[in-house]
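Worksheet: one structure, shown below.
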Amino acid sequence: MIKKIFANLLDEMILFGVAAILLFVTEFILGAAGFKIVQPEVFLTAYLFIGNVFYFPIMENSRYGTTLGKRILKLDGIAKTEAIKAE
1 MIKKIFANLL
11 DEMILFGVAA
21 ILLFVTEFIL
31 GAAGFKIVQP
41 EVFLTAYLFI
51 GNVFYFPIME
61 NSRYGTTLGK
71 RILKLDGIAK
81 TEAIKAE
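Counted the way full-length UniProt numbering counts, the sequence shown spans residues 1 to 87.
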């Protein structure tokens, strides 16, 4: 149970990192166009929401059948991977 919590925390940290990078890219592109983001937390929240909506279903239906956090901590992907190979 504790490993699953840490795996989910790790997944959220990965998503936050990607969202932060997207925020910096957005600020750079808009800054080059002459605009400024007044409330960056709105963009960050939107990126996190979109990431959470798409990340888990895409990763759990991928070839490995599990998220990056679970793969790093070696949780629950082995049985799904073997089941996919058996098909």
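Ideal Cβ placement from N, Cα and C applies to all residues, glycine included.
Nearest-angstrom beta carbon gap, residue j and residue i [assumed within contact, 8 Å]
{"i": "P40", "j": "L23", "result": "6 Å"}
{"i": "G65", "j": "A7", "result": "With a Cβ gap of about 14 Å, G65 and A7 do not count as contacting."}
{"i": "Y47", "j": "A19", "result": "4 Å"}
Pairwise C-alpha distance: residue j and residue i
{"i": "V38", "j": "D11", "result": "28 Å"}
{"i": "I2", "j": "E27", "result": "37 Å"}
{"i": "G31", "j": "F43", "result": "14 Å"}
{"i": "K36", "j": "I29", "result": "10 Å"}
{"i": "E60", "j": "I72", "result": "14 Å"}
{"i": "P57", "j": "A33", "result": "35 Å"}
Selected residue, minimal CA-CA separation from residue i, among the options
{"i": "G17", "options": "K36, K3 and T45", "result": "T45"}
{"i": "M13", "options": "T67, R63, D76 and I58", "result": "T67"}
{"i": "I21", "options": "K4, G51, G34 and D76", "result": "G51"}
* Asked: Hey, which unbroken runs of the alpha helix (DSSP H) at 4 residues or more fall wholly within the UniProt domain "RDD" (5-76)?
  -> 40-60 and 68-72
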